[in-house]
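To start, the structure under review is shown below, and the notes come after it.
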Amino acid sequence: MQVKEVFFIRCISCLSVVMIHVLGITMHSTSSMLVTLLMFSTPSFIFISEFLLSYSYPNGTPKGFLLKRIQFIFLPFLFVAFIDAVMMSSLGGNATLLSFLQRISANIFLGNFIGYFILIIFQFYLLHIFFHQILQRISAKFVLSIAFLVNGGYLTFVTFIDIPSFGPNPIFPISWIPFVGWVFYFCLAYYCGQNYKGFISLLDQYRYIVYGIAALSAFMILNNTYFGFFEVSSKRPDILLYTTSIIFLLFHLFSKVSKVPYIIMTISNYSFSIYLFHVYFLGIGLTILNSFTEIQNSLSLMVIYSFSIVGPMMLSWVFNHFKYGYMFVRKIYKPKQSQ
Numbered sequence: 001m002q003v004k005e006v007f008f009i010r011c012i013s014c015l016s017v018v019m020i021h022v023l024g025i026t027m028h029s030t031s032s033m034l035v036t037l038l039m040f041s042t043p044s045f046i047f048i049s050e051f052l053l054s055y056s057y058p059n060g061t062p063k064g065f066l067l068k069r070i071q072f073i074f075l076p077f078l079f080v081a082f083i084d085a086v087m088m089s090s091l092g093g094n095a096t097l098l099s100f101l102q103r104i105s106a107n108i109f110l111g112n113f114i115g116y117f118i119l120i121i122f123q124f125y126l127l128h129i130f131f132h133q134i135l136q137r138i139s140a141k142f143v144l145s146i147a148f149l150v151n152g153g154y155l156t157f158v159t160f161i162d163i164p165s166f167g168p169n170p171i172f173p174i175s176w177i178p179f180v181g182w183v184f185y186f187c188l189a190y191y192c193g194q195n196y197k198g199f200i201s202l203l204d205q206y207r208y209i210v211y212g213i214a215a216l217s218a219f220m221i222l223n224n225t226y227f228g229f230f231e232v233s234s235k236r237p238d239i240l241l242y243t244t245s246i247i248f249l250l251f252h253l254f255s256k257v258s259k260v261p262y263i264i265m266t267i268s269n270y271s272f273s274i275y276l277f278h279v280y281f282l283g284i285g286l287t288i289l290n291s292f293t294e295i296q297n298s299l300s301l302m303v304i305y306s307f308s309i310v311g312p313m314m315l316s317w318v319f320n321h322f323k324y325g326y327m328f329v330r331k332i333y334k335p336k337q338s339q
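All residue numbers for the sequence shown refer to my numbering, where the first residue is 1 and numbers rise by one.
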């Protein structure tokens, strides 16, 4: 049985991530507010990975599970880590073997590039494999309470404490990678996936509370951004409650939809490739549009946004037409639409 809400949430999260990076080109007070509201996207995308794992394998992962994930997910991660290292070490025309080795090692072991989220997802896989039976026996309320405090405490710590950057790319600090910065999403996704029908039923029963918390938490993060309490990032403590409320809201709203539209299904199925490759197509689009100065800024952003979505989809589509192409961009799954 497919979970139709997942297609919507994965699609929305993916498109939001691209929008965040496109708006980052011309960040000002107005766009920073919108970007703040979109900060649920990466945590939601990662949440879905554990939700599906818990929902699909309620009694434990099957034999060969991790090996398949290495084949379908980690190999594309290594490929993009390599490409990114080649590109970044070549900037400025001072490419050396040492700079490349520094880049590739930082990318693979520190997640020092756009593919960092895959290292987090693999930590989720390991946590699920080793703690699945324990989580089944412990009260969900107890686990979620502890996880929320630990996660919130960690995000507060890394927000206010200046942690040295260990990689050559300061945009992706090492503090983003440890699972403690995501453990609440893992635990929440685990229990929601294990009890999917009960989860949806609770959301429907307490829907007005869900609406209220989503609105209040949105106001809170906008207020914190506006007054400069936090930088615009999804790795800050106030985003924890906001993301949770948005996940609940989206699950509730899309549980009422009877059928997943084709466009939503398609973007969702290509979401991994879009997430992994969009920044490179964004850079290509910027380079091309820089020669067309007469194009209005808003139109340029829309062109780049569309190119950053369609480009990775086309790349993935082409690679998947080769026997081992999935090893570079991940295999495209085309499930039947939910009825």
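Virtual Cβ for every residue (Gly too), placed ideally from N, Cα, C.
Residue 215 is not a Cβ neighbour of residue 242, given a cutoff of 8 Å. Taking 8 Å as the cut-off, the Cβ atoms of residue 23 and residue 13 do not count as close.
With fewer than 16 other CB atoms across the displayed protein chains lying within 10 angstroms of its CB, residue 204 is exposed.
Contact fails between the region 167-176 and the region 261-273, because fewer than three Cβ pairs, one in each stretch, are under 8 Å apart.
With a beta-carbon spacing of about 7 Å, residue 305 and residue 19 fall inside the 8 Å limit used to define contacts. In the DSSP assignment, residue 272 falls within the unbroken alpha helix (DSSP H) covering 271-289.
Assignment of residue 33 by DSSP, reduced to helix, strand and coil, places it in the helix class. With 16 or more other CB atoms across the displayed protein chains lying within 10 angstroms of its CB, residue 43 is buried. The region 280-292 and the region 305-318 touch, with no fewer than 3 CB-CB distances between them shorter than 8 Å. Residue 39 sits in coil when the DSSP states are folded into three classes, being neither helix nor strand. Rounded to whole angstroms, the Cβ separation of residue 231 and residue 124 is 26 Å, and the two are not in contact under 8 Å. Separation of residue 91 and residue 247 (C-alpha to C-alpha, rounded to the nearest whole angstrom) is 39 Å. Counting along the chain, no alpha helix (DSSP H) covers residue 258, and no H or E run does either.
When C-beta atoms of the region 53-64 are compared with those of the region 127-147, three or more pairs fall below 8 Å, so the two segments count as touching. Rounded to the nearest whole angstrom, the C-alpha separation of residue 235 and residue 45 is 14 Å.
For residue 62, no alpha helix (DSSP H) run applies, since DSSP gives it neither H nor E. Counted as a single uninterrupted DSSP element, the alpha helix (DSSP H) harbouring residue 6 occupies residues 4-23. Secondary structure at residue 129: helix, using DSSP grouped into helix, strand and coil. Here residue 145 is exposed: its Cβ has fewer than 16 other Cβ atoms, across all protein chains shown, within 10 Å.
Taking a C-beta distance under 8 Å as the contact criterion, residue 333 and residue 193 do not qualify as a contact pair.
When the alpha-carbon of residue 153 is set against those of 288, 38, 237, 3, the nearest one is in 237.
Within a 10 Å sphere around the beta-carbon of residue 318 sit fewer than 16 other beta-carbons, which makes this residue exposed.
When rounded, the separation of the alpha-carbon atoms in residue 324 and residue 35 is 37 Å. Per DSSP, residue 333 lies in no alpha helix (DSSP H) and is assigned neither H nor E. Straight-line spacing of the CA atoms in residue 185 and residue 277 works out to 24 Å. Separation of the CB atoms of residue 77 and residue 115 is rounded to 5 Å, and the pair is thereby assigned contact status at 8 Å.
Straight-line measurement puts the Cα of residue 213 at about 15 Å from the Cα of residue 202.
Annotated three-state conformation of residue 96 is coil, per DSSP. Separation of residue 297 and residue 37 (C-alpha to C-alpha, rounded to the nearest whole angstrom) is 22 Å.
Counted as a single uninterrupted DSSP element, the alpha helix (DSSP H) harbouring residue 196 occupies residues 196-205.
Going by DSSP, residue 160 is part of the alpha helix (DSSP H) stretching over 140-160.
Less than 8 Å divides the Cβ of residue 39 from the Cβ of residue 239.
In the structure shown, the three-state DSSP call for residue 169 is coil.
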